[in-house]
Amino acid sequence: MHRFLQAVLWRDLTLAARRRGDWLIAQFFFVMVASLFPLGVGPEPQMLARIGPGVLWVAATLASLLSLSRLFADDHRDGSLEHMLLSSGPTVLLVLGKSLAHWLIYGIPLLVIAPVLGLQFNLPTDAIVTLEISLLLGTPILSLLGGVGAALTLGLRGGGILLTLLILPLYVPALIFGAGAVDGVMAGTGAEAHLSLLGAFLVLSFMIAPWIAAAALRVSLE
Amino acid sequence: MTTSLLSVHDLACTRGDRLLFKGLNFTVRAGELLLVQGGNGQGKTSLLRLLTGLARPEAGEVHWRGASITGQRAAYHAEMMYLGHANGVKDDLNPVENLRFAEGLQGRAFNPGLATAMLERMGLSRCLDLPCRVLSFGQRRRVALAALLLAGATLWILDEPLTGLDVHAVALMEELIRDHLLAGGLVVATTHQALNLEGIPVQRLLVGNVAIPGPA
Amino acid sequence: MNLYTYASPAHFYHLAGRLIPWFSWGAGILALWGLYISFFLAPTDFQQSEAYRIIFIHVPAAWMSMFIYLVMAFWGAIGLAFNTRLSFMMARALAPTGAMFTFVALWTGALWGKPMWGAWWVWDARLTSELILLFLYVGIIALWAAIDDIRRGDRAGSLLTLIGVINVPIIYFSVKWWNTLHQGASVSLTKAPSMAAIMLQGMLVMAFAAWFYTIAVVLVRVRRIILERERQTEWVKAILQKET
Chain P
486 MHRFLQAVLW RDLTLAARRR GDWLIAQFFF VMVASLFPLG VGPEPQMLAR IGPGVLWVAA
546 TLASLLSLSR LFADDHRDGS LEHMLLSSGP TVLLVLGKSL AHWLIYGIPL LVIAPVLGLQ
606 FNLPTDAIVT LEISLLLGTP ILSLLGGVGA ALTLGLRGGG ILLTLLILPL YVPALIFGAG
666 AVDGVMAGTG AEAHLSLLGA FLVLSFMIAP WIAAAALRVS LE
Chain H
67 MTTSLLSVHD LACTRGDRLL FKGLNFTVRA GELLLVQGGN GQGKTSLLRL LTGLARPEAG
127 EVHWRGASIT GQRAAYHAEM MYLGHANGVK DDLNPVENLR FAEGLQGRAF NPGLATAMLE
187 RMGLSRCLDL PCRVLSFGQR RRVALAALLL AGATLWILDE PLTGLDVHAV ALMEELIRDH
247 LLAGGLVVAT THQALNLEGI PVQRLLVGNV AIPGPA
Chain F
-3 MNLYTYASPA HFYHLAGRLI PWFSWGAGIL ALWGLYISFF LAPTDFQQSE AYRIIFIHVP
57 AAWMSMFIYL VMAFWGAIGL AFNTRLSFMM ARALAPTGAM FTFVALWTGA LWGKPMWGAW
117 WVWDARLTSE LILLFLYVGI IALWAAIDDI RRGDRAGSLL TLIGVINVPI IYFSVKWWNT
177 LHQGASVSLT KAPSMAAIML QGMLVMAFAA WFYTIAVVLV RVRRIILERE RQTEWVKAIL
237 QKET
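As structure tokens, this is what we get:
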């Protein structure tokens, strides 16, 4: 069980290390989407600080979605996904391992980049700290729920767009609590309530999403 | 006579709304080879996928060691290896790393010496640290075969194992299958090419002749 | 072939055929009665004058949009658990009507919002949740449309409905939370003046009309799906021959 999870993680991390180009694209996408907003709404510092948390959170969800469409697709194409399903390890653990790997590869770098973008948006230090905490709690949700979408749309024509359509509505609570926490700090009402709710949503996603994604994966490969 | 390990009861399979076969029954005993034959699109691959448990039958059951495979997925998959049209070999990993992952998937500790020996037996001694991307199709197939051997499964399910292999590789494949059968293993395979297996009991199964023609 | 799974759609096909006229007539009569109450019996509201009468469409549509989603999730869960074909067909037949009611709820909400709040759209918690519900419906229908294989489509759509049904209350709660923080004590649909009994009666009658309409339409759709999926079977061939 332990070895199975380790093998899945080790492999996805090794593969990501060998294909750094793909990995960089997702990070640059995050930076670019966030940087487009000041160009669209103007450079006033107050306004940027006002919309900053929401923009950064929306950009993070989009960047996460961009990489999700390939969560299972590459393995499906070369047949290794079938081998993984036919191994003695449980499919739920496989999905969990792949979602965890996705978070480590694509979620953690967002945490590293976000403070820099926060400075671009004129966010105060305590808001940036809260942004980091909210992303730390929120990005795993994106990977977990995204796994469901990736499994459902596996091998379909236009799967990437469809994945976006299916999964974005499910991201709404994470977006609201995540961006709301940062807003709360800036408005002086505190972030604890938002962060607790975000944490609760994370726990719920962790308990439910891998099961549904595993079932979806089996359905898609049938 | 040894008891049957793999058996199929009243199996039916549809694709879309086309009935591929129904009422299929057979048993495979230890040391036996089942050759599945039939034309293109008649359900050979579908049958193999049903046997692996990847697909669910329309009706009927697949039994392993006397019990339905749906109730013992992990135990069955620990004893079964499937090689489909795609090799399941990761292009960005080298052959040794591919085997390391395959072993990890089965929850076993990785033995690098044994893995290297398997790959050398497959004639891949010069490609051990090359990414599989640069290997030829036949060489990648051999990596998949090494994983098959290393897994030490009892039941091999092989979908067109000879496709794209040169004469030497075909001979190697035949040798592997013969050794596996003589050691008491089971093989279910589809193939368009003739397999040269002297002295091995071969059971042949024709699928597709019960299909109801569609409305065009 | 398993007799049980085949027999039940055939049986249901004929049962549905007998039920459809009853529900269609029921829907028509109830709708006329409901509209009569809404336009002639219900008094003019002293604050909102005649414009408020749109709630007789809006509220039942909003109820139905959520309820149909729950029923879809129910059928999906049954289908996944017991592998019954008919339940997947029901789920598929329900989705377009659910999406339609969601759209109607949003549309009438906007029409009502204009005279009440002076804006076509306000980010009210209920309207926003309704919008996200529409996204969920569209996602499910799009997933069904993208998957050619019937079995895979059935199951995939049901799994998506299920994860949606867990998510819908959370979405509603989070949007409400977000709304109270951002708008404070602003307009809310719940703050409508206390309702006269006759208004409630009108809404209930309209809701029943919507129910009957939904059942009738879904039965028609299920019958079509049954014919399409079972066109290989003898009884469907017999029906098709009789009709041509």
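Residue numbers (our numbering), protein chains in the order written: chain P, 486 to 707; chain H, 67 to 282; chain F, -3 to 240. Using N, Cα and C, we set each Cβ at its ideal position, and we do this for glycine too. As the structure is a prediction and not an experimental result, all values here were calculated from the model.
Relative to the C-alpha of residue i, which candidate in the options has its C-alpha closest?
| i | options | result |
| --- | --- | --- |
| P/Pro625 | P/Gly684, P/Leu604 and P/Ala636 | P/Gly684 |
| F/Val214 | F/Trp71, F/Leu139 and F/Leu123 | F/Trp71 |
| P/Pro530 | P/Leu604, P/Ser572 and P/Arg496 | P/Leu604 |
| H/Asp83 | F/Ala142, F/Asn163 and F/Arg148 | F/Arg148 |
| F/Leu158 | F/Met195, F/Leu123 and F/Tyr65 | F/Tyr65 |
| F/Ile137 | F/Trp174, F/Leu127, F/Gly94 and F/Ser125 | F/Gly94 |
| P/Val577 | P/Asp497, P/Val516, P/Leu498 and P/Ile697 | P/Ile697 |
| H/Gly265 | H/Tyr142, H/Gly104 and H/Leu99 | H/Leu99 |
| P/Tyr656 | P/Glu677, P/Phe686 and P/Gly675 | P/Phe686 |
| H/Val273 | H/Thr80, H/Val74, H/Ser70 and H/Leu113 | H/Leu113 |
If you measure between the beta carbons of residue i and residue j, is that distance less than 9 Å?
| i | j | result |
| --- | --- | --- |
| P/Met569 | P/Leu608 | no |
| H/Arg12 | H/Asp158 | As displayed, chain H neither begins before 67 nor continues past 282, which places residue 12 of chain H out of reach and without an answer. |
| P/Leu556 | P/Gly669 | no |
| P/Ser619 | P/Leu550 | no |
| H/Gly179 | H/Phe203 | no |
| F/Ser283 | F/Phe97 | Any property of residue 283 of chain F remains undetermined from this structure, which presents chain F solely from -3 to 240. |
| P/Ala723 | P/Gly525 | It is not possible to answer for residue 723 of chain P, since the shown part of chain P is limited to 486 through 707. |
| P/Leu647 | P/Leu653 | no |
| H/Asp195 | H/Val162 | yes |
| P/Gly643 | P/Ala558 | no |
| F/Gly243 | F/Ala87 | Not covered by the structure: residue 243 of chain F. The range shown for chain F is -3 to 240. |
| F/Gly160 | P/Leu650 | no |
| F/Leu31 | F/Val218 | no |
| P/Pro600 | P/Leu616 | yes |
| H/Leu90 | H/Leu77 | yes |
| F/Arg122 | F/Gly109 | no |
| F/Asn163 | P/Pro658 | yes |
| H/Leu228 | H/Leu263 | no |
Just reading off the beta strand (DSSP E) that residue i is part of, what are its end residues?
| i | result |
| --- | --- |
| H/Phe92 | Arg84 to Arg95 |
| H/Ser73 | Ser70 to Arg81 |
| H/Thr256 | Leu252 to Thr256 |
| H/Ala210 | Premise fails: H/Ala210 lies in the alpha helix (DSSP H), Phe203 to Ala217, not in any beta strand (DSSP E). |
How big is the Cα-Cα spacing for residue i and residue j?
| i | j | result |
| --- | --- | --- |
| F/Pro5 | H/Val253 | 40 Å |
| P/Ala519 | P/Leu533 | 11 Å |
| H/Ile135 | H/Gly119 | 7 Å |
| F/Ile53 | F/Met202 | 7 Å |
| H/Ile243 | H/Leu216 | 14 Å |
| F/Lys172 | F/Gln197 | 28 Å |
| P/Ser573 | H/Gln172 | 6 Å |
| P/Thr455 | P/Val688 | As displayed, chain P neither begins before 486 nor continues past 707, which places residue 455 of chain P out of reach and without an answer. |
| H/Gly97 | H/Leu247 | 4 Å |
| P/Trp588 | P/Leu630 | 11 Å |
| F/Ile235 | F/Ala89 | 21 Å |
| H/Leu72 | F/Tyr9 | 40 Å |
| H/Val236 | P/Asp507 | 38 Å |
| F/Asp145 | F/Ala12 | 26 Å |
| P/Ala666 | H/Thr111 | 53 Å |
| F/Pro17 | F/Leu200 | 22 Å |
| P/Ala502 | P/Gly592 | 15 Å |
| F/Arg227 | F/Lys233 | 6 Å |
| H/Gln138 | P/Gly582 | 22 Å |
| P/Arg505 | P/Phe514 | 14 Å |
| P/Ala544 | H/Ala219 | 47 Å |
| F/Leu156 | F/Ala101 | 23 Å |
Which residue marks the beginning of the alpha helix (DSSP H) containing residue i, and which one marks its end?
| i | result |
| --- | --- |
| F/Met199 | Ala193 to Arg225 |
| H/Tyr142 | Arg139 to Glu145 |
| P/Leu702 | Glu677 to Leu706 |
| H/Arg270 | Run containing H/Arg270: none in the alpha helix (DSSP H); it sits in the beta strand (DSSP E), Val268 to Leu272. |
| H/Thr111 | Lys110 to Thr118 |
| P/Asp507 | Arg505 to Val526 |
| H/Ala125 | First-last for H/Ala125: Ala125 to Trp130, but that is the beta strand (DSSP E), not the alpha helix (DSSP H). |
| H/Asp245 | Val233 to Leu248 |
* Asked: Which residues, taken in chain order from the stretch 548 to 570 of chain P, show a beta carbon closer than 7 Å to some beta carbon of chain F?
  -> none
* Short-range partners of chain H found in the stretch 213 to 229 of chain F, where Cβ spacing is below 8 Å -> Arg225, Arg227 and Gln228
* Please name the residues in the stretch 246 to 258 of chain H whose beta-carbon is closer than 9 Å to at least one beta-carbon of chain P, in chain order. => none
* Looking at chain P, which residues of the stretch 171 to 190 of chain H have a Cβ within less than 8 Å of any of its Cβ atoms? -> Leu171, Gln172, Gly173, Arg174 and Ala175
* Would you list, in chain order, the members of the stretch 691 to 703 of chain P that have their beta-carbon closer than 7 Å to a beta-carbon of chain F? => Ile693, Ile697, Ala700 and Ala701
* Below 8 Å between beta carbons is the criterion; list the residues of the stretch 499 to 511 of chain P that meet it against any residue of chain H, in chain order. => Thr499, Leu500, Arg503 and Arg504
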